[in-house]
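To convert, count from 1 in the sequence shown and add 4; that's the numbering used here.
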Amino acid sequence: MVYNLGSGDGRIVVIAAKEFGAKVVGIEIDPLRFIFSWVRIKLTGLDSKVELIWGDFFKLDISETSVVTLFLSQEANDRLKKKFEEELKPEIRIVSFHWIFTGWVPVKNSEDGEIRLYRIKKLRR
Numbered sequence: 005m006v007y008n009l010g011s012g013d014g015r016i017v018v019i020a021a022k023e024f025g026a027k028v029v030g031i032e033i034d035p036l037r038f039i040f041s042w043v044r045i046k047l048t049g050l051d052s053k054v055e056l057i058w059g060d061f062f063k064l065d066i067s068e069t070s071v072v073t074l075f076l077s078q079e080a081n082d083r084l085k086k087k088f089e090e091e092l093k094p095e096i097r098i099v100s101f102h103w104i105f106t107g108w109v110p111v112k113n114s115e116d117g118e119i120r121l122y123r124i125k126k127l128r129r
């Protein structure tokens, strides 16, 4: 189960569903991006694999995920740390494009350093 926070135009949700066979939840707060993404999902025929939610991911329960993907901002990533620590199970994979999580060390970086994989070992409970 992949959750794409700030799913934008739906590129990541489509790739995750189509190329990796994942069940995907995209969460987008911007209504225009949500509509564009919804159309993209319909046109690719992935409605059965992709759930698109129009809403604020800070206010939604994301505890059912096994992978989180995001391309947000430094401020958003830093705000999400507490939510992730409280809601996510240990060893969940968090993939962040460009922005880091201050204080967390990625377990892997892409060659260009733009994509980071995090696995949080100790979570608050």
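Quick reminder that beta carbons are idealized off the backbone N, C-alpha and C, glycines included.
When secondary structure is reduced to three states using DSSP, Phe101 falls in the strand class. Note that the C-beta distance between Gly12 and Arg44 is not below 7 Å. Just so you know, the alpha carbons of Lys112 and Arg83 end up roughly 22 Å apart. Ile31 is positioned such that its CB atom lies no closer than 7 Å to that of Leu47.
Under a 10 Å Cβ-count criterion, Val109 is classified as exposed, with fewer than 16 other Cβ atoms of the shown protein chains found around its own Cβ. Residue environment for Phe75: buried (at least 16 other C-beta atoms within 10 angstroms of its C-beta).
In chain order, Val6, Asn8, Ile16 and Val99 place their CB closer than 7 Å to the CB of Thr73, counting only its own chain and leaving out the 5 sequence neighbours on each side. Shown here, Thr48 sits in a helix according to DSSP, grouped into three states. In this structure Thr106 is exposed. Its beta-carbon is surrounded by fewer than 16 other beta-carbon atoms within 10 angstroms.
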